[in-house]
Structures are given as structure tokens and as C-alpha cells.
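Residue numbers (the working numbering): 1113 to 1628. All C-beta atoms in this analysis are idealised placements derived from N, C-alpha and C, irrespective of residue type, glycine included. Note that the coordinates shown come from a computational prediction; the quantities given were computed from them, not determined experimentally.
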Amino acid sequence: MLFNSVVFIFFFLPITLLLFFLIAKQSQKAGLAILFLASVIFYGWNDYHYVFLLLFSILINFIISKQIISSASNLKKKYLLCLGLIFNLSLLAYFKYTNFFIETINLMHGEHLSNVNILLPIGISFFTFTQIAFLVDSYRGLVHQYHLLNYALFVTYYPHLIAGPIIHHKEVMPQFDKKRTFLFNHRNFSIGLVIFVIGLFKKIILADHLAISVSPVYDSYQSDISALDAWIASLSYTLELYFDFSGYSDMAVGLSYLIGIKLPVNFYSPYKANNIIEFWRRWNMTLSRFLRDYLYIPLGGNRKGFIRRYINLIITMLLGGLWHGANWTFVAWGCLHGIYLCFNHGWVAFKKMLGIKTSNSIFLRMMACFFTCLSVMIAWVFFRSSNFSTAYQILHAMFFKQLILPGYWHVPNMIKIVLLKLHIRFTTPTDWTILDPVANFYSIVWIFISLVIVWIMPNTYQMMHKYNAALNPFKEKIHSWLCWRPSLAWNFLTITAFVLDILFIQTSSVFLYFSF
């Protein structure tokens, strides 16, 4: 079931909330049971087969965790932790990476092994990492005893189950025991709805319209891609992924806050970052936290010298890339970000050694933001491409082909002169573009609107900061007139956004992160 579907918005969600608030007043445990049952139905709506896998995974992890917590022997705890890690990683490897391993063997050794017909369970990467963190923290003595129902709901809780955020037990599980969670709160409900509508708008109106120009280029398998097509498709995908993931994250936070449960912020204006380090503090924040706490630091982090630190960064990002998908292009994406981070940390260390202070110049910060986004977009080319050949064709077209613009575009003479000086020429299009002329213009308009929103507008959590609806590590404030409030104007904008969402909801696509 999708958040951006009629079934979810008008049937599943109202029924779930109505039953929860009616029953939770009488019994908190019954209220939790309703949420758990609803989450299982949500997960198995389109294909019930993997519900059993999810429940089996929950049961095994819960049993191992309880054994770790109750054991007095450190050696036994270590063996149990290893058993739990092997169990979780084996499930993930079988369902997600079996065919990847087969294809790699075929490529390296010239074999002709057939792929196995395995359907990837939705959200397996997310609920696996959630449970691995729980097991490791059980071993570290950071987990208290919990009932099976609380643990099962923690893993399956429908706002985060399919595509994150990767929630942490210490943030969410204590909220399941608070009395206020089980009482209807008009304020929380209203704020949750607003955040959900904002996220829905990002997905349906922005992300899905940007997506129109992506697949025709990236999936065309043509060897002669024009520079214009390559730039439009890559910019569109960079922004599509932004609004798709940001929209999902907002919807997850909003849905959870309808009953007063706060989820961690997972997305905080990453394209406003001035460097790659800052980008990863703002993009998929809960995955970054998981990779830092459960991979990078255990590998040694920055405690064993700068060379080992950079090796650890590369390993962490390589595995982070592989987590996203079973393809070498994802590994290349992770490797590229690992290299970016090494250069960034090296530059920070170099400046510190020479006593160079970071400039507060607005121009330099804008340039830093621009080049950070450009670097991220180059990496996204590998992320989106199905193979290295496509990635090469796109990047080659972007940076080594002359940019040709349609001659009928009415560009002011002064701007046209500047463009001609930059060797950008105008001509009447024939068959040199994959996208038709109308699609080109349409895409550029959407790209421009999206860039204004990304770089100039405040994000959802800045607009809603007065209401503290999520677990947000950033405390940035904005002018009060930009903050959402229950006024006539803001209510009108919210209702208008929701109406537009519903008008276009039938054409909406699945979330990009569902495939990860």
C-alpha cells in the first residue's frame, strides 16, 4: 500500500485512526495491538506472502535479543550477537543480492548461470537495519526488556516500515508507553495532517512531474544522447529524488504525529549544504547515523590515524552504496561519495593545520553550495543508471558535447550573446534530442521552479518548528511570516495543496526508495 493512494488516504488511514483512538482509551495494549495489526495489513496489502518473512524475522530477532539481555556471560552474548547478525544479513543477502552475485560470477568468469526468480520483499533493507541496531545495542547493554508486542510494533510501525526513517529504539519505543499517545490531541492531529499534505504535494506535484523527463533519456539505450537531454534528465532526476524522498519523509513524520509519536527527521535541505560532509548530515540522516554508529566507528572511525580513517570512510560508503541496490553502479556511487568525503575531511584538516578560517562570504558560500550540488548530481548519474555504459554516455554528453538549444526559444539578445560566447548555440531541432521540444521546455520550467524551492524556500521543519513535531537535531529558525500557523491564508494554501494532490493522485508513481 502506498501513502500516495486513494485506498490509504480515504480508507486505511481513517479506519486505523478511528479504531486506535476508540480502543486505546479503554486499553493501551489493545491500542498498540491495533497499530501492529494495521501495520501488518499495510505491509501485506499488495502481496501477503512476505508478511510471514517479516513476522519470522521479528520473532527470531526478539528471541535472540532477550537471550543477549538476560545472559550473564559476555562470551555467550558475543555468540548470540554473531548469530543474530548472520541471520539478518543472510536474509538480506539471499533476497536482495543472490542474482547480483550470480551476475558478477558470470561477468568475471564467463559463466552462464541463470538468475533465480526471487521477489524482493519491500522494505527489507530498512527493517533489517532497524533490527541489527537493536541487537547490537542489546549486546552493548543499551536495551531494556520490552514486550513482544512493543518490539513488533517498533519494527512494523507503518509510517516508517517501507522506506524509513531507520528508527532507533531509544527514540520511539518509550513513546509507546506514554499515556498521551493513546489520547486524541487536536493540535497534534492538525499539525500531522499539514506535514502529511506537504509531503504528498512534494511527491505528486513536484517529484512525479520531474520524473517525466528522466526515464526517456536514462532508459533509452541510445548511444547518441545530446547534451541538452543529458542535462535536463540529470537535473530532473536530482530534483525528483530530492522531492520524492523528502516527500516520503514528511509523510512518515506527519502520519506518526497524528497520534503524537515523533519520528526522527530524515531529510533536512541537503542541497543547501556547502560541502559533502554537511550534505550527509542532511540527506537520509538516519541511514548516515546507522552507518556511523554501527559500521564506521566499529571499523575504527578516526581513532587509528588519518590513512585508516579514509579507508574506513571508503568502506562505509561502498557498503552504503551496496545497501541501496544490487548493482555495481550503486557501488560506484558509494565509492564516489567516499572519495568526496576523504577530500572534504582532508581539506578541513589542511585548513586547520594552516590556521585558515572558513569564509563567511555569501558569494563563496553560494559557490560552495553550487559545486557541492554539482558533485552530488554527477554521483546521481551512476545511482540512476542501470549500467556503466549508460552512466558514461550521460556524463560524456553533459561535459564533452556542445550544448545546443532550440532556435525557437525566445531568449533576450544579451543572454543569447553570453551563451554563444560559452559555445552554446541555437538551432532548429530535428532528431538530435530524445525529448521532444515541448517536453524540453516543460522540463526546464519544472527544474527552475524546483531549484527555487530547494535553494530559497524554507524546509518543512523550519516552517513547522514552533510545533516540535519531529525529533530534529537542527534548530534553525526563519522569519515568523514564513512559519506555518492556523491562519486563513495558510489553511487556504494547505487545502489547495491537498486538492491538487487528489486531482493528480491517480497518475502518481511508487516512491523511488521502495526499491531499496
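| task | Give the secondary structure of L1265 by DSSP, where H, G and I count as helix, E and B as strand, and everything else as coil. | result | Residue state for L1265 is assigned as helix, using DSSP reduced to three classes.
| I think I1278 touches S1555, with their Cβ atoms under 8 Å apart; what is that distance to the nearest whole Å? | Taking the Cβ atoms as the reference, I1278 lies roughly 33 Å from S1555, outside the contact range of under 8 Å.
| Alpha-carbon to alpha-carbon, M1465 and L1273 | Computed Cα separation, rounded: 45 Å.
| Beta-carbon contacts of Q1179 that lie in its chain and below 6 Å, excluding the five residues immediately before and after | L1192.
| task | Please determine, among C1454, S1400 and L1312, the residue with the shortest C-alpha to C-alpha distance to F1418. | result | Of the candidates C1454, S1400 and L1312, the one whose C-alpha sits nearest the C-alpha of F1418 is C1454.
| field | Residue range of the alpha helix (DSSP H) that includes N1210 | value | First, the residue type needs correcting, since residue 1210 is Thr and not Asn in the sequence shown. Looking at the DSSP string, the run of the alpha helix (DSSP H) that includes T1210 is T1210 to H1221.
| message | Using 8 Å as the threshold, is the C-beta distance between T1619 and D1320 below it? | response | It is a contact, given that the beta carbons lie within the stated cut-off.
| Out of curiosity, what's the CA-to-CA distance linking Y1520 and G1450? | Interpretation of Y1520 is limited by its pLDDT of 48, a score under 50 that renders its predicted location unreliable; no figure is taken from the coordinates.
| Segment contact flag, the region 1276-1295 with the region 1359-1377, C-beta cutoff 8 Å, min 3 pairs | Touching, per the Cβ criterion.
| message | Quick check on this structure: which residue in L1507, I1561 and I1559 has the alpha carbon closest to the alpha carbon of D1336? | response | Measuring C-alpha to C-alpha distances from D1336 to each of L1507, I1561 and I1559 identifies L1507 as the nearest.
| request: With DSSP collapsed to three states, give me the class of P1286. | output: In the three-state scheme derived from DSSP, where H, G and I count as helix and E and B as strand, P1286 is classed as helix.
| Just the Cα atoms here: how many angstroms apart are F1475 and F1122? | Roughly 48 Å between the two C-alpha positions.
| If you draw a straight line from the alpha carbon of L1370 to that of F1199, how long is it in whole angstroms? | Roughly 35 Å between the two C-alpha positions.
| request: Give the DSSP-derived three-state secondary structure of P1126 in the structure shown. | output: Helix at P1126.
| query | Which one or two residues does DSSP pair with L1583 in a beta bridge? | reply | In the DSSP output, where bridge partners are listed per residue, L1583 has P1376.
| said: Less than 8 Å between the beta carbons of N1580 and T1484, yes or no? | reply: Going by C-beta atoms, N1580 is not nearer than 8 Å to T1484.
| said: Only counting the same chain, and skipping five residues up and downstream in sequence, which positions put a Cβ closer than 7 Å to that of K1314? | reply: Cβ within range, chain order: F1355, S1358, G1359 and D1362.
| field | Span separating the alpha-carbon of S1151 from that of A1264 | value | Straight-line measurement puts the Cα of A1264 at about 10 Å from the Cα of S1151.
| field | Cβ neighbour criterion (16 or more within 10 Å) applied to N1439 | value | N1439 is buried by the Cβ-count criterion.
| said: Threshold first: 4 residues or longer. Then list the alpha helix (DSSP H) segments lying entirely within the region 1411-1466, N to C. | reply: Taking only runs of at least 4 residues, the alpha helix (DSSP H) segments lying wholly in the region 1411-1466 are 1418-1436 and 1440-1466.
| message | Only counting the same chain, and skipping five residues up and downstream in sequence, which positions put a Cβ closer than 6 Å to that of D1249? | response | Hits under 6 Å: V1255.
| query | Is it the case that the Cβ atoms of F1246 and N1173 are separated by a distance below 8 Å? | reply | One thing to note: F1246 has its Cβ within 8 Å of the Cβ of N1173.
| request: Out of Q1574, S1381, F1494 and M1576, point me to the one whose CA is closest to C1481's CA. | output: Closest option to C1481, judged by alpha-carbon separation, among Q1574, S1381, F1494 and M1576: S1381.
| task | Identify whether Q1138 lies in helix, strand or coil by the three-state DSSP scheme. | result | Here DSSP, grouped into helix, strand and coil, assigns Q1138 to coil.
| Using a Cβ-Cβ cut-off of 8 Å (strictly less than) and excluding sequence neighbours within five positions of S1497, which residues of its own chain qualify? | Y1330, T1441, A1503 and I1506, listed in sequence order.
| query | Leaving out five residues before and five after I1426 in sequence, what residues of the same chain have Cβ atoms less than 6 Å from its Cβ? | reply | Excluding sequence neighbours, I1426 sits near G1450.
| query | Could you give the distance in angstroms between the alpha-carbon of L1231 and the alpha-carbon of Y1206? | reply | Across the structure, L1231 and Y1206 are spaced so that their CA atoms are roughly 10 Å apart.
| query | Mind pulling the beta strand (DSSP E) runs of 3 or more residues that sit fully within the region 1286-1328? | reply | The region 1286-1328 contains no complete beta strand (DSSP E) run of 3 or more residues.
| Simplified DSSP state of V1493, which is helix, strand or coil | V1493 falls in the helix class under three-state DSSP.
| request: Can you say whether T1240 is buried or exposed, counting buried as having 16 or more other CB atoms within 10 angstroms of its CB? | output: Buried, by the Cβ-count rule.
| Secondary structure at F1115, three-state DSSP: helix, strand or coil? | DSSP places F1115 in coil when its eight states are reduced to three.
| request: Use the C-beta contact count for G1458: other C-beta atoms within 10 angstroms, 16 or more gives buried, fewer gives exposed. | output: With fewer than 16 other Cβ atoms from the protein chains shown falling within 10 Å of its own Cβ, G1458 counts as exposed.
| request: On a CA-only basis, which of V1622, S1621 and D1613 is nearest V1306? Give me that one, please. | output: When each option's Cα is compared against that of V1306, the closest is D1613.
| K1178 - DSSP class collapsed to helix/strand/coil | K1178: helix per DSSP, three-state reduction.
| message | DSSP three-state label for D1336, please. | response | The answer is coil: DSSP assigns D1336 none of H, G, I, E or B.
| field | Residue interval of the alpha helix (DSSP H) (run including N1603) | value | Per DSSP, N1603 belongs to the alpha helix (DSSP H) from L1600 to F1616.
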